[in-house]
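Everything on this sheet refers to the single structure shown next.
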Amino acid sequence: MTKQQLDALLTLGVRKGASDIHLEVGYPPMYRVNGALYGARLEALKPEDTAAAAAAICNDKPKLEGELDTSYSITGVSRFRASIFRQRNSFGLVLRVIPFEIPTLESLHLPAAASRLSEAREGLVLVTGATGQGKSTTIAALLQRLNAKERLHIVTIEDPIEFLFPVAQSLIIQREVGSDTASFKQALRAAMRQDPDVIFVGELRDTETADICLKAAETGHLIVATLHTMDATRTVNRFLGLFPADEQALARGRLADVLKGVLSLRLLPRADGQGLVPACELMFTTMALQQAIRDPARHAEIAALIERGREDLGSQSFDQHLQDLVAQKLISLDTAKANATSVANLERSLALDSSGTSGPSLELKTRR
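Letter 344 of the sequence shown, counting from 1, is numbered 343 in our numbering, and no numbers are missing.
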């Protein structure tokens with residue numbers, strides 16, 4: 000496979016609306032479109048094909064051992080986040096499509112209240128969800144909103160760099176783990192000495208990184224970070240779980256003091272089969288939520304506290320948003336039940352909604 004052939008395969012995927020492109024020995028190129036994998040009408044790839052594709056992307060044969068996360072770009076088409084790995088003595092590649100243009104929060108069709116996360120000037124904001132659920136895109140939209148309107152120094156620490164931010168009002172430094180810095184924690188320590196206003200940490204992986212994030216938030220910086228968690232309750236527990244048991248009591252208090260909000264994302268299949276629709280849980284920290292975070296026995300109250308803040312704060316639980324999506328016929332009831340925190344509560348709310356006794360639902364357009 001030549002570089003030109005690789006670029007042609009990737010360009011085809013972009014034009015077909017693929018989110019991910021898989022190049023595996025024994026299979027034709029595979030494209031994930033609207034959550035499902037489809038094979039191209041081409042011959043199965045051979046070991047020499049994927050080896051050539053890997054070499055074309057990383058341009059550094061010594062790095063072709065084991066696995067490698069890197070980025071790749073085709074002028075005028077798209078950027079890609081590439082995961083290159085070895086399996087059964089051959090190479091495999093998975094490439095995530097990263098558009099050149101950074102989307103707006105509005106174009107992602109998230110709740111309007113989500114834009115408030117970009118208004119914080121200090122503290123910790125967590126954007127969470129499983130792989131491929133839109134975390135990177137959402138954070139890019141949040142940071143670009145700041146970049147377009149505010150005169151700030153923004154430092155991003157990524158593995159690898161995904162969206163490239165244009166020159167606007169803010170000064171943005173983008174550092175890539177593995178090429179610009181050895182680790183998230185090393186780059187985060189360095190960023191604290193670089194006069195930052197905002198620091199984006201691509202992933203919280205260890206105690207030291209989480210501790211530095213708390214210190215940075217405590218000293219007047221805005222920290223934006225991601226976790227692979229499904230909702231706010233699990234996000235709080237996962238973050239605290241990064242600390243040893245004998246440090247968790249202190250960590251709970253520190254987290255309660257600095258956490259500004261949590262946005263948890265999922266992409267769900269549309270009821271009409273025409274793509275995916277975002278569902279999200281959105282938490283803004285209140286005094287009641289601070290108290291619940293400090294007390295591990297009250298973590299189960301977090302979802303209910305989020306629901307109570309919907310009218311005044313714009314917060315919403317996943318189940319509330321699922322109710323909206325079902326009412327708007329954007330997702331099926333089966334999809335909602337499969338993703339509900341409490342199926343019984345969801346069914347009860349939908350029954351009230353159908354009787355006309357529940358509050359108004361949000362209008363949500365689908366992601367194209």
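Each residue gets a CB set at the ideal place from its N, CA and C atoms; glycine is no exception.
Residues that DSSP places opposite residue i in a beta bridge
i: P268; result: L275
i: F317; result: The partner list for F317 (beta bridge, DSSP) is empty, contrary to what the question assumes.
i: G122; result: L221
i: I153; result: I171, V197
i: S82; result: D68, V93
i: S77; result: I73
Buried or exposed (CB count within 10 angstroms, at least 16 for buried), residue i
i: G358; result: Caution is warranted here: a pLDDT of 43 is assigned to G358, below 50, making its placement in the model unreliable, and the coordinate value is therefore given only provisionally. Exposed, because fewer than 16 other Cβ atoms sit within 10 Å of the Cβ of G358.
i: E280; result: buried
i: Q322; result: buried
i: K259; result: buried
i: E42; result: exposed
i: D48; result: buried
i: E105; result: exposed
i: L249; result: exposed
i: E100; result: exposed
i: D179; result: exposed
From the options, residue whose alpha carbon lies closest to that of residue i
i: L5; options: R251, G25, F79; result: F79
i: M282; options: R265, A303, E175, L275; result: A303
i: L36; options: F317, L22, N236, A343; result: L22
i: V124; options: A350, D256, V342; result: D256
i: V261; options: G240, T225, P243; result: T225
i: G133; options: V325, T228, K184, L254; result: T228
i: S72; options: R144, A190, P159; result: P159
i: V166; options: L151, R87, E175; result: L151
i: D68; options: Y26, L94, G75, R87; result: L94
i: R265; options: E121, P102, H108, L249; result: H108
i: E149; options: L163, L8, P27, Q168; result: Q168
i: A216; options: N236, R188, T232, Y26; result: R188
i: A54; options: M29, A81, L254; result: A81
i: D294; options: A326, L254, L9; result: L254
i: D84; options: P110, A52, L213, A113; result: It is worth fixing the name first, because residue 84 is Phe in this sequence and not Asp. It is A52.
i: R309; options: T284, S18, S331; result: T284
Rounded separation between residue i and residue j - CA only
i: D271; j: G34; result: 14 Å
i: I305; j: R204; result: 26 Å
i: I138; j: A296; result: 31 Å
i: L267; j: E346; result: 18 Å
i: D318; j: V200; result: 28 Å
i: P46; j: V276; result: 37 Å
i: A350; j: V96; result: 40 Å
i: I211; j: E300; result: 28 Å
i: E375; j: A7; result: Nothing can be reported for residue 375, as the shown portion of the chain is limited to 0 through 367.
i: A231; j: T74; result: 39 Å
i: T103; j: S263; result: 17 Å
i: Q273; j: D194; result: 46 Å
i: R31; j: A129; result: 16 Å
i: L239; j: Q3; result: 47 Å
i: F162; j: S135; result: 8 Å
i: A39; j: M29; result: 6 Å
i: I56; j: I222; result: 32 Å
Start-to-end residues for the alpha helix (DSSP H) that takes in residue i
i: L254; result: 247-257
i: A55; result: 46-57
i: L36; result: Per DSSP, L36 belongs to no alpha helix (DSSP H); it is in the beta strand (DSSP E), 35-38.
9 Å Cβ cutoff, residue i in contact with chain C
i: R40; result: Of the protein chains in the structure, only one exists, and it is not chain C.
Bounding residues of the beta strand (DSSP E) (the contiguous stretch that carries residue i)
i: R174; result: 170-175
i: L329; result: Element bounds for L329: n/a, residue is neither H nor E.
i: D19; result: 19-22
i: M29; result: 29-32
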